[in-house]
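For the protein sequence lines, the chains are D and C, in the order given. For the first sequence, my numbering assigns the number 4 to the initial residue and increments by one for each residue that follows. For the second sequence, my numbering assigns the number 4 to the initial residue and increments by one for each residue that follows. Think of the CB as a built atom: it goes at the ideal place given N, C-alpha and C, for glycine as much as any other residue. Keep in mind it's a predicted model, so treat the numbers as computed, not measured. Remarks on the structure that follows.
There are 2 protein chains.
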Amino acid sequence: MDLSTTGTRRDRQRAATVAEIKAAARKLLVEGGASAVGLRAVARELGLSAPALYRYFASHEDLISAVIADLYDELTAVLVALRDEDAEADLGTRLFLVAGGLRDWALAHPAEFGLLFGAPVPNPLADGHELTPNHQAAMRFGAVFKDLVAQVWHQQPFPSPSDESLGPELVAQLQQKSEYFDGMPAGAVYLALNYWTRLYGLICMEVFGQLHWALEDAGAYFQAQLYEIGEALGLDCPLPE
Amino acid sequence: MDLSTTGTRRDRQRAATVAEIKAAARKLLVEGGASAVGLRAVARELGLSAPALYRYFASHEDLISAVIADLYDELTAVLVALRDEDAEADLGTRLFLVAGGLRDWALAHPAEFGLLFGAPVPNPLADGHELTPNHQAAMRFGAVFKDLVAQVWHQQPFPSPSDESLGPELVAQLQQKSEYFDGMPAGAVYLALNYWTRLYGLICMEVFGQLHWALEDAGAYFQAQLYEIGEALGLDCPLPE
DNA sequence: CGTTAACTGTTAACGGTGTTCACCAAAGCG
DNA sequence: CGCTTTGGTGAACACCGTTAACAGTTAACG
C-alpha cells in the first residue's frame, strides 16, 4: 500500500509524523537500550514538546507497542527474504538460513530483540483479552517457522515419537495444534515445538549474556545445536566451512 | 553464623533493619512485579522516609542487587535440599528432582525468577570487571547442576559426540571448560551444556508466557523434554505416574 | 563522668519521568 | 468568509531516584 497517496493531505502529513516519531524512538532504543526511549526523549529528538506526542499516541506504552509491532514485521520481512533468496534451495537449507538469520538479527539488534522477546507476554487465551496487534504480528513472525516445518513434514514426513512415548495429556494438547500445523500428527508437532523452543532458548541465552560463563563465542555451539535439531526433522546439515 | 549475637547492639539492629528492608522489597516484588519495588515504595512499606534507605544501601540498584543475591542463595538452598532429600536416590533421579524443582520454583515465584534470569547479564570476562557478588551467587547456583552432571559422568561416562562431529573451534572452547567440569572431555561438556541450555530455555519460555500460544499447560511437555535431555546423559527416566 | 564522634533519622530540594489541562494558531472545509 | 478540527504550546500534578543540610540518639573515649 502506498501511504503517501492515501487520504487527504493532512492524513499524509500525520502518517509521516507518526513514522518520524517511531524512527526517533527506535534510534534511542538502539543507542541507549529500552530504558532510553522515554516520551520526553523522543519528543526532544524531533524538537517537539512532550505533550505533542499525545496527539499521535495515547500513551508511552502505546508508542513502544507500535514500534514493537513494526519490529516484528521488519524481522519477519528479513526472514522471508532470507527464505526466498535462493529459488533452488530445498526446504532444509531454507530452514537453516532462516534460523541463522534470526540469530544474526538478534545479535545485530540486541536491544530490539530484548524488546520483542525479552519481556514477559500476557496470556492472550485468558478470556476477555482481545488479540492485540502485537500478538498478531508475533504470530505472523512465528508462522514463518511453522510454515517451513510443516512444508518439510508434508514433503517428507520425518520420524516422530509415538503417542505412547509422549503420554496422553501431552498428546491431547499437541493434537489441538494439529490443525494449525497443517494436519501434522502429535509426534510431529512435538518435534516442531522442540525445534522452536530450542532455537528460541538458545538465541535468548546468547543475546542476554547467559552463555558468557561457558562460551566466549557461541557461534560454533549454535551451529552444532542447529544441526542437531535439524537432524530430528530429517534434514541434512549444510557443511560447516 | 549467628548474626543475632555478632557485633555490638547497634550492629545487630542495623542487620535487622537491612533484613527488614530486603523483606519489604521482596514483598513488593511478589505483589507488583519488578517495577513495583521502588525506593520510596520500600521506605513507605516500613514507615521510613526515602532518604533513610541510603544509610543502608548506596543506591536503588544496590538494593535490588542485594535481594537478587539473596534470591540466588535461597533458590540454591531449595535445590540442594531437594537434591539431598532422599539419601538413597541415585544421581539420575537427583538430577530430575533438581531440574523439576527449578521449574516449580520459577512457576511459583515468577517475579523473582524474572529478576534473576530475565535481565541481560553483563559479560564478566570483559576486562576491568570484578566478579560481582551476584555473579558469584549465580555461579554457586549453577554449580548445583554442574556438580550433578559431572558426578553422573564420573560414575558412568555417557556416550558423547566425537570431537570430529563437533568441529575444532567448538571443541577448543569446550576443552577450556573441561577443568571446571572435573575433567570431562569436550563431547561430555557439550552434552552438559546442552542439558543446561535446554532446561533454562524451556523454563524461561514457560514462565515468560512464550509457550501460551502452543500449550496451555506446559508441564507434560516439560517432563517429556526432561526425559529426552536426561536420556542424552544416559539416565533412565522415572515413570510418569 | 562529660565530651566527642558516629549513626540514624528527618525535611527540603533538584532534576527526571509520564500525563493532563487550558489555551492558541493554523489548516481544512462548507 | 466563518467554523471546526487538528497540532502545537507551557504550566502543572504526582511520582521517581538522589543529594544536602540538619537534628536526635547512641556508642566510644579521655
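As assigned by DSSP and simplified to three states, the class of residue i
i        : result
C/Met142 : helix
D/Ala191 : helix
C/His112 : coil
C/Tyr203 : helix
D/His215 : coil
C/Glu133 : coil
C/Asn126 : coil
D/Leu51  : coil
D/Leu238 : coil
C/Gln159 : coil
D/Tyr198 : helix
C/Asp166 : helix
D/Asp5   : Residue confidence is low: D/Asp5 scores 48 on pLDDT, short of 50, so the model does not pin down where it sits. No coordinate-derived value is stated.
D/Phe60  : coil
D/Ala39  : helix
C/Ala209 : The question names Ala, but residue 209 of chain C in the sequence shown is Glu. Note: C/Glu209 maps to helix in three-state DSSP.
C/Gly121 : helix
C/Phe184 : coil
D/Asp93  : coil
Range covered by the alpha helix (DSSP H) that runs through residue i
i        : result
C/Gly35  : Arg12 to Gly35
D/Val83  : His63 to Arg86
C/Tyr224 : Gly222 to Glu234
D/Ala175 : Pro171 to Gln179
Whether residue i touches residue j by CB criterion (8 Å)
i        : j        : result
D/Leu236 : D/Phe161 : yes
C/Val147 : C/Ala195 : no
D/Tyr193 : D/Leu205 : no
C/Pro123 : D/Gly117 : yes
D/Leu229 : D/Val155 : no
D/Met208 : C/Thr200 : yes
C/Ala55  : C/Val40  : no
D/Ala53  : D/Leu42  : yes
Given residue i as reference, the closest of the options once Cα atoms are compared
i        : options                                   : result
C/Asn197 : D/Ala195, D/Met142, D/Ala221 and D/Ser181 : D/Ala221
C/Ser163 : C/Ala72, C/Val81, C/Ala37 and C/Glu234    : C/Glu234
C/Glu172 : D/Asp150, D/Phe225, D/Val83 and D/Ala189  : D/Phe225
C/Gln16  : C/Tyr59, C/Ser38 and C/Leu119             : C/Tyr59
D/Leu85  : D/Arg43, D/Arg97 and D/Leu214             : D/Arg97
D/Leu30  : D/Asn137, D/Glu48, D/Leu100 and D/His138  : The sequence shown places Lys at residue 30 of chain D, not Leu. If we check each option's Cα against that of D/Lys30, D/Glu48 comes out closest.
C/Ala245 : D/Ala227, D/Glu182, D/Leu214 and D/Ile232 : Beyond the ends of chain C as shown, which are 4 and 244, falls residue 245 of chain C; an answer cannot be given.
D/Leu78  : D/Leu110, D/Glu91, D/Leu66 and D/His63    : D/Leu110
D/Gly50  : D/Ile24, D/Leu66 and D/Lys180             : D/Ile24
D/Val33  : D/Ala141, D/Lys149, D/Trp108 and D/Gln158 : D/Trp108
D/His112 : D/Tyr57, D/Leu42, D/Ala37 and D/Arg143    : D/Ala37
C/Ala141 : D/Lys180, D/Arg106, D/His215 and D/Ser165 : D/His215
D/Gly212 : D/Asp89, D/Gly121 and D/Phe99             : D/Gly121
C/Ala102 : C/Asp76, C/Ser62 and C/Phe144             : C/Phe144
C/Ala129 : D/Arg13, D/Glu219 and D/Leu100            : D/Glu219
D/Ala223 : C/Val174, C/Ala61 and C/Lys180            : C/Val174
D/Asp239 : D/Asp185, D/Phe184, D/Gln159 and D/Lys180 : D/Gln159
C/Phe184 : C/Val83, C/Ala44, C/Lys149 and C/Ser62    : C/Lys149
C/Asp76  : C/Ser168, C/His132 and C/Pro136           : C/Pro136
C-alpha distance - residue i paired with residue j, whole-angstrom precision
i        : j        : result
D/Glu115 : C/Ser68  : 25 Å
C/Val210 : D/Ala18  : 37 Å
C/Pro127 : C/Leu134 : 6 Å
C/His138 : C/Ile71  : 10 Å
D/Leu242 : D/Val81  : Confidence in D/Leu242 is poor, its pLDDT being 49 and thus under 50, which makes the residue's placement unreliable; the coordinate value appears in the next sentence. Roughly 23 Å between the two C-alpha positions.
D/Asp5   : C/Tyr203 : In this prediction, D/Asp5 scores a pLDDT of 48, lower than 50, which makes its location untrustworthy; the coordinate-derived value is nonetheless stated afterwards. If I take the Cα positions, the gap works out to 44 Å.
D/Asp166 : C/Ala227 : 12 Å
C/Gly10  : C/Val21  : 15 Å
D/Ala46  : D/Asp65  : 15 Å
D/Ile232 : C/Glu91  : 35 Å
D/Glu88  : D/His157 : 22 Å
D/Asp246 : D/Pro125 : In this structure chain D extends from 4 to 244, so residue 246 of chain D is not present and cannot be described.
C/Gly190 : C/Leu100 : 25 Å
D/Lys180 : D/Arg106 : 26 Å
C/Val83  : C/His132 : 29 Å
C/Leu169 : D/Ser168 : 29 Å
C/Arg12  : C/Tyr57  : 20 Å
D/His63  : D/Gly35  : 17 Å
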